[in-house]
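Protein chains in written order, with the numbering used here: chain H, 1 to 115; chain B, 1001 to 1110.
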């Protein structure tokens, strides 16, 4: 089975440090999402891309978060500076919008702890 | 505004009993709806899509536009069904943005 690969799986960092999370979408998928999962808020959409172009990042605190797709095989989510309230699991998902296999495949997530 | 509501945070059901996980949506248009499942500490997995009218692992979901609902059902619960279930809506008016409900934790009692 093709998989969405996220690195790192776990990250513990001190408040104020920069954090970079990476996602390798499934080859050929044209849409990539970033979600944040917490107990309180569930799954929150942070940003998403279609054909590498950002479509919506309104869910992301732009003063500290940034999302990019430098090429079709890599999506990144950066937090600078990180804060304890950023502690969560960050999921990347990729898929084909309205193709025959419409639906999205999620990565295993990056569990971020900011102390 | 587009919204997905899952009214139950936790649902406990005895093994062998029927399961119904509720999902209601608010959407101005023709929605495309999904159910995703997340087993303990694993990734989310697509369970089913309303456009496919499929049955996966014994689960089915019917889109009821009159009641704006997409409830997930299974006639006989199994212990391995214990997981977190998320209902999701694709906003086809906004580049297929996927909006998730807050999820329902299904706990199957032995």
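Even for Gly, the Cβ is constructed at its ideal location relative to N, Cα and C.
Bridge-paired residues (DSSP) for residue i
{"i": "residue 1024/B", "result": "1005/B, 1069/B"}
{"i": "residue 6/H", "result": "23/H"}
{"i": "residue 1038/B", "result": "1044/B, 1084/B"}
{"i": "residue 1090/B", "result": "1032/B, 1098/B"}
{"i": "residue 89/H", "result": "37/H, 111/H"}
{"i": "residue 65/H", "result": "79/H"}
{"i": "residue 53/H", "result": "50/H"}
{"i": "residue 1063/B", "result": "DSSP output for residue 1063/B lists no bridge partner at all."}
{"i": "residue 118/H", "result": "With chain H covering only 1 through 115, there is no way to say anything about residue 118/H."}
{"i": "residue 11/H", "result": "112/H"}
{"i": "residue 42/H", "result": "38/H"}
{"i": "residue 1010/B", "result": "1105/B"}
{"i": "residue 1049/B", "result": "1034/B"}
{"i": "residue 94/H", "result": "32/H, 105/H"}
{"i": "residue 1057/B", "result": "Paired residues: none, contrary to the question."}
{"i": "residue 1015/B", "result": "DSSP lists no partner for residue 1015/B."}
Member of the options whose CA lies at the smallest distance from the CA of residue i
{"i": "residue 1017/B", "options": "1076/B, 1103/B, 1085/B", "result": "1076/B"}
{"i": "residue 31/H", "options": "68/H, 37/H, 49/H", "result": "49/H"}
{"i": "residue 1023/B", "options": "1096/B, 1097/B, 1041/B, 1072/B", "result": "1072/B"}
{"i": "residue 1083/B", "options": "1065/B, 1068/B, 1046/B, 1097/B", "result": "1046/B"}
{"i": "residue 1085/B", "options": "1096/B, 1100/B, 1079/B", "result": "1100/B"}
{"i": "residue 70/H", "options": "86/H, 52/H, 83/H", "result": "52/H"}
{"i": "residue 97/H", "options": "8/H, 19/H, 33/H", "result": "33/H"}
{"i": "residue 45/H", "options": "1078/B, 1004/B, 1041/B, 1098/B", "result": "1098/B"}
{"i": "residue 90/H", "options": "62/H, 47/H, 72/H", "result": "47/H"}
{"i": "residue 1110/B", "options": "1012/B, 1007/B, 1027/B, 1064/B", "result": "1012/B"}
{"i": "residue 1002/B", "options": "1014/B, 1028/B, 1010/B", "result": "1028/B"}
{"i": "residue 1102/B", "options": "1019/B, 1038/B, 1014/B", "result": "1038/B"}
{"i": "residue 103/H", "options": "1107/B, 1051/B, 1010/B, 1040/B", "result": "1051/B"}
{"i": "residue 27/H", "options": "95/H, 37/H, 40/H", "result": "95/H"}
{"i": "residue 1048/B", "options": "1042/B, 1041/B, 1040/B, 1059/B", "result": "1059/B"}
{"i": "residue 1026/B", "options": "1067/B, 1014/B, 1041/B, 1015/B", "result": "1067/B"}
{"i": "residue 84/H", "options": "93/H, 66/H, 68/H, 111/H", "result": "111/H"}
{"i": "residue 72/H", "options": "65/H, 93/H, 29/H, 87/H", "result": "29/H"}
inquiry  = Across the region 64 to 82 of chain H and the region 6 to 25 of chain H, are there enough close Cβ pairs to call them in contact, namely three or more that are closer than 8 Å?
reply    = yes
query = Would you call the region 1025 to 1038 of chain B and the region 1090 to 1104 of chain B in contact, with 3 or more CB pairs under 8 Å?
reply = yes
query = Is the region 4 to 12 of chain H touching the region 107 to 114 of chain H in the sense that three or more CB pairs, one from each, lie closer than 8 Å?
reply = yes
task = Answer yes if the region 48 to 62 of chain H comes into contact with the region 1048 to 1067 of chain B, meaning at least three C-beta pairs across the two stretches below 8 Å, and no otherwise.
result = Segments in contact, no.
ask   = Mind listing which residues of the region 82 to 108 of chain H have their C-beta closer than 8 Å to chain B's C-betas, in chain order?
value = If the cut-off is 8 Å between Cβ atoms, the region 82 to 108 of chain H has 91, 93, 97, 98, 102, 103, 104, 105, 106, 107, 108 near chain B.
message = For the region 1088 to 1103 of chain B, list every residue whose C-beta sits within 9 Å of some C-beta in chain H, in sequence order.
response = 1088, 1090, 1092, 1094, 1095, 1096, 1097, 1098, 1099, 1100, 1101, 1102, 1103
inquiry  = Output needed in chain order: residues of the region 33 to 64 of chain H with a Cβ under 8 Å from some Cβ in chain B.
reply    = 33, 35, 41, 42, 43, 45, 48, 50, 55, 56
ask   = Going along the chain, which residues of the region 1059 to 1071 of chain B sit with their C-beta nearer than 7 Å to a C-beta in chain H?
value = Here the close residues number zero.
Residues of the region 1039 to 1060 of chain B whose Cβ lies closer than 8 Å to any Cβ of chain H, in chain order = If the cut-off is 8 Å between Cβ atoms, the region 1039 to 1060 of chain B has 1042, 1043, 1044, 1045, 1046, 1049, 1051 near chain H.
message = Which residues of the region 19 to 33 of chain H have a Cβ closer than 8 Å to any Cβ of chain B? Give them in chain order.
response = Sequence-ordered contacts of the region 19 to 33 of chain H with chain B read 31, 33 [C-beta pairs closer than 8 Å].
task = Quick one: which residues of the region 1006 to 1031 of chain B get their C-beta closer than 8 Å to a C-beta of chain H? List them in chain order.
result = none
request  = Quick one: which residues of the region 1073 to 1087 of chain B get their C-beta closer than 7 Å to a C-beta of chain H? List them in chain order.
outcome  = 1086
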